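Taking it in order: structure first as structure tokens, then the write-up.
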Amino acid sequence: MSDASQGLRLYNTLTRTKEDFVPIDPRNVRMYVCGPTVYDFAHIGNARPVIVFDVLFRLLRHLYGETHVTYVRNITDVDDKINARALRDFGNEISAGTLSLNEAIRRVTEKTADQFHRDVATLGCLEPTVEPRATEFVEPRADGKADMITLIQSLIGRGHAYVAAGEVLFDTASMPDYGQLSKRNLDEQQAGARIAVDAHKKNPGDFVLWKLSSPEEPGWHSPWGRGRPGWHIECSAMSAAYLGEVFDIHGGGLDLIFPHHENEIAQSRCAHGTSVMANVWMHNGFLQVEGQKMSKSLGNFYSIHELLETDTFGGRKWPGDVLRLAMLMTHYREPIDFSVRKLEEAENTLRKWKRAADLAPAAGGQLPAEVVEALSDDLATYAAFQQLTQLAGEATDFGGSGDNTAAVALKTALTFLGFDVGATKVDEIVVAKAIAERLTLIAAKNWAEADRVRDELLAKGVQLKDGKDPVTGERMTTWEIKR
Numbered sequence: 001m002s003d004a005s006q007g008l009r010l011y012n013t014l015t016r017t018k019e020d021f022v023p024i025d026p027r028n029v030r031m032y033v034c035g036p037t038v039y040d041f042a043h044i045g046n047a048r049p050v051i052v053f054d055v056l057f058r059l060l061r062h063l064y065g066e067t068h069v070t071y072v073r074n075i076t077d078v079d080d081k082i083n084a085r086a087l088r089d090f091g092n093e094i095s096a097g098t099l100s101l102n103e104a105i106r107r108v109t110e111k112t113a114d115q116f117h118r119d120v121a122t123l124g125c126l127e128p129t130v131e132p133r134a135t136e137f138v139e140p141r142a143d144g145k146a147d148m149i150t151l152i153q154s155l156i157g158r159g160h161a162y163v164a165a166g167e168v169l170f171d172t173a174s175m176p177d178y179g180q181l182s183k184r185n186l187d188e189q190q191a192g193a194r195i196a197v198d199a200h201k202k203n204p205g206d207f208v209l210w211k212l213s214s215p216e217e218p219g220w221h222s223p224w225g226r227g228r229p230g231w232h233i234e235c236s237a238m239s240a241a242y243l244g245e246v247f248d249i250h251g252g253g254l255d256l257i258f259p260h261h262e263n264e265i266a267q268s269r270c271a272h273g274t275s276v277m278a279n280v281w282m283h284n285g286f287l288q289v290e291g292q293k294m295s296k297s298l299g300n301f302y303s304i305h306e307l308l309e310t311d312t313f314g315g316r317k318w319p320g321d322v323l324r325l326a327m328l329m330t331h332y333r334e335p336i337d338f339s340v341r342k343l344e345e346a347e348n349t350l351r352k353w354k355r356a357a358d359l360a361p362a363a364g365g366q367l368p369a370e371v372v373e374a375l376s377d378d379l380a381t382y383a384a385f386q387q388l389t390q391l392a393g394e395a396t397d398f399g400g401s402g403d404n405t406a407a408v409a410l411k412t413a414l415t416f417l418g419f420d421v422g423a424t425k426v427d428e429i430v431v432a433k434a435i436a437e438r439l440t441l442i443a444a445k446n447w448a449e450a451d452r453v454r455d456e457l458l459a460k461g462v463q464l465k466d467g468k469d470p471v472t473g474e475r476m477t478t479w480e481i482k483r
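If you use my numbering, the sequence shown corresponds to residues 1 to 483, in order.
Okay, structure coming up:
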């Protein structure tokens with residue numbers, strides 16, 4: 001464990017203050033982050049917490065040791081939206097009896113979960129230590145790990161939940177300090193479950209722990225009938241299964257504070273009889289697209305996959321590390337305006353950093369203390385990036401001969417932060433074909449497509465230079481590797 005670990009300070013949403021981080025057990029620092037609900041491809045708003053808490057995971061591993069940090073990020077694969085997507089995509093097969101609803105749900109969730117994993121890997125994110133799926137923690141398990149049905153039984157037994165109209169509901173009035181995370185009084189609470197406020201609730205804020213399933217819906221057998229869990233109980237079970245009743249850090253987006261995280265706390269504390277669920281609660285800020293709230297109705301709703309693989313945003317594809325840097329250029333707790341201009345700024349910055357890092361033979365140096373210090377101040381990535389820019393300037397001024405310590409430090413820091421700093425590899429045949437295609441497009445005055453070809457090459461580190469052949473006077477294009 002590094003001595004620098006004593007300097008880590010994190011903003012705790014629960015207390016609304018920045019605090020010294022003191023792990024429960026420095027030999028096993030434990031963090032849980034809410035993962036995706038896999039009914040559709042993850043959108044760019046989903047990418048922000050994945051990237052932010054990947055940086056924190058990397059920092060914790062640096063401070064406490066790679067084997068001393070447990071990072072759990074779940075997959076939610078039981079949800080009414082998933083059921084609806086399965087019926088939409090496979091309704092004909094289900095009606096014809098050639099495919100069961102459960103099989104259709106599995107197809108939907110496997111496809112979207114696989115795509116999520118490919119997308120976040122391209123964004124430079126490490127795999128979490130454990131990635132449980134909600135469907136694996138509904139019923140009591142052979143290994144004795146926490147499960148949803150047992151947690152619900154405990155809540156009923158302790159007087160914190162009740163059965164009404166075929167559902168099991170959490171009794172919010174049974175918890176005197178319910179609402180500490182969101183700082184809402186119980187009288188101000190709205191329904192925290194994915195169901196309407198019904199007459200069978202004792203209090204309007206009571207939320208569902210278990211609901212009955214119709215024959216056409218997926219379900220599990222339970223003491224309260226065949227049904228499925230509510231949204232919040234999933235994370236209470238999965239976090240307890242791998243991190244225990246009380247752990248160090250719980251993270252997610254700002255939108256999850258209420259009702260999801262508030263209700264997680266209520267369930268976990270009341271089921272286990274603990275004063276807290278997690279000691280530190282961290283939340284990243286909201287994301288807008290070009291100054292507007294992201295929504296399908298506005299036509300500005302983009303998946304990670306679209307940004308990486310299509311030209312739907314800004315007329316071009318964007319490399320994963322450019323998306324990563326664009327997300328981290330704004331402090332994680334602040335709102336971020338995701339724009340083409342921000343991506344272009346990130347791309348230009350990365351190109352300068354990588355060009356300077358290429359002057360180093362390998363990323364074998366020590367991580368700069370200034371970078372660690374910046375990140376240890378509540379993940380102050382902007383301050384860390386100022387250090388990278390300074391190192392890039394020093395490395396470039398030094399040049400490529402001798403022991404370029406600044407370049408080595410820069411390459412080490414970029415690698416640590418999840419950016420690809422491998423030497424640029426260019427297939428000259430592919431470049432030649434692209435140049436020929438672009439010249440044909442220029443001859444046809446198809447300027448937009450010609451620019452697209454140029455920009456795609458630039459994203460791969462290849463910069464084109466247009467000119468005239470000094471002998472024939474014909475247009476010619478040369479290229480060079482440009483970081």
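No residue lacks a Cβ here, since even glycine has one placed at the ideal position from N, Cα and C.
Note that this is a predicted model, so its numbers are computed, not measured.
| Check | Outcome |
| --- | --- |
| Assuming contact is defined by CB atoms lying nearer than 8 angstroms, are residue 261 and residue 367 in contact in what I supplied? | no |
| Using three-state DSSP, classify residue 46 as helix, strand or coil. | helix |
| For the alpha helix (DSSP H) that contains residue 233, what are its first and last residues? | 231–243 |
| If you compare alpha carbons, which of 452, 12 and 28 is closest to residue 21? | 12 |
| Three-state secondary structure (DSSP) at residue 318? | coil |
| Is it buried or exposed for residue 298, if we count other Cβ within 10 angstroms and need 16 for buried? | exposed |
| Quick check on this structure: which residue in 308, 346 and 49 has the alpha carbon closest to the alpha carbon of residue 256? | 49 |
| Looking only at its own chain, which residues have a Cβ that is under 8 angstroms from the Cβ of residue 416, when we skip the five neighbours before and after it? | 58, 62, 367 and 371 |
| So, under 8 angstroms CB-CB, residue 218 and residue 101 are touching, yes? Tell me the CB distance rounded to an integer number of Å. | 6 angstroms |
| Taking a contact to mean a Cβ-Cβ separation below 8 angstroms, would you say residue 72 touches residue 243 in this structure? | yes |
| Could you compute how far the alpha carbon of residue 466 sits from the alpha carbon of residue 476? | 6 angstroms |
| Take the Cβ of residue 291 as the centre, count every other Cβ of all protein chains shown within 10 Å, and call the residue buried at 16 or more, exposed below. | exposed |
| According to DSSP, simplified to helix, strand and coil, what is residue 117? | helix |
| Which residues bound the beta strand (DSSP E) around residue 21? | Run containing residue 21: none; DSSP gives neither H nor E here. |
| Which residues does DSSP list as the beta-bridge partners of residue 303? | 43 |
| Can you grab the Cα-Cα spacing for the pair residue 412 / residue 121, in whole Å? | 19 angstroms |
| Taking the alpha carbon of residue 87 as the point to measure from, which residue in 39, 132 and 430 has its own alpha carbon closest? | 39 |
| Quick one: Cα of residue 46 to Cα of residue 75, how far? | 13 angstroms |
| What first and last residue would you give for the beta strand (DSSP E) that runs through residue 170? | 167–170 |
| Can you tell me which of 452, 435, 364 and 453 puts its alpha carbon nearest to the alpha carbon of residue 410? | 364 |
| From the DSSP output, in three-state form, read off residue 199 for me. | coil |
| Mapping the DSSP letters down to three states, classify residue 310 as helix, strand or coil. | coil |
| Looking at the structure shown, is residue 378 part of a helix, part of a strand, or coil, going by DSSP? | coil |
| How many Å lie between residue 93 and residue 78 at the Cα? | 20 angstroms |
| Taking residue 311 as the reference, give the member of 455, 253, 356 and 414 with the closest Cα. | 455 |
| What does the alpha-carbon distance come out to for the pair residue 41 and residue 112? | 6 angstroms |
| Per the DSSP calculation, residue 37 is bridged to which residue(s)? | 76 |
| Would you mind sorting residue 361 into buried or exposed? The rule is 16 or more other CB atoms within 10 Å of its CB. | exposed |
| Which of helix, strand or coil does DSSP assign to residue 411? | helix |
| So, are the CB atoms of residue 271 and residue 155 less than 8 angstroms apart? | yes |
| Name the DSSP beta bridge partners of residue 519, please? | Here the chain has residues from 1 to 483 only, and residue 519 is not among them. |
| Just to confirm before moving on: does the CB-CB distance between residue 453 and residue 479 stay below 8 angstroms? | no |
| Beta-carbon within less than 6 angstroms of residue 485's beta-carbon, same chain only, minus the 5 sequence neighbours each way: which residues are those? | Residue 485 lies beyond the stretch modelled for the chain, which goes from 1 to 483, so this question has no answer here. |
| Specify the secondary structure class of residue 419 as computed by DSSP and reduced to three states. | coil |
| The alpha helix (DSSP H) with residue 355 in it runs from where to where? | 340–357 |
| Kindly indicate which three-state DSSP category residue 62 falls into: helix, strand or coil? | helix |
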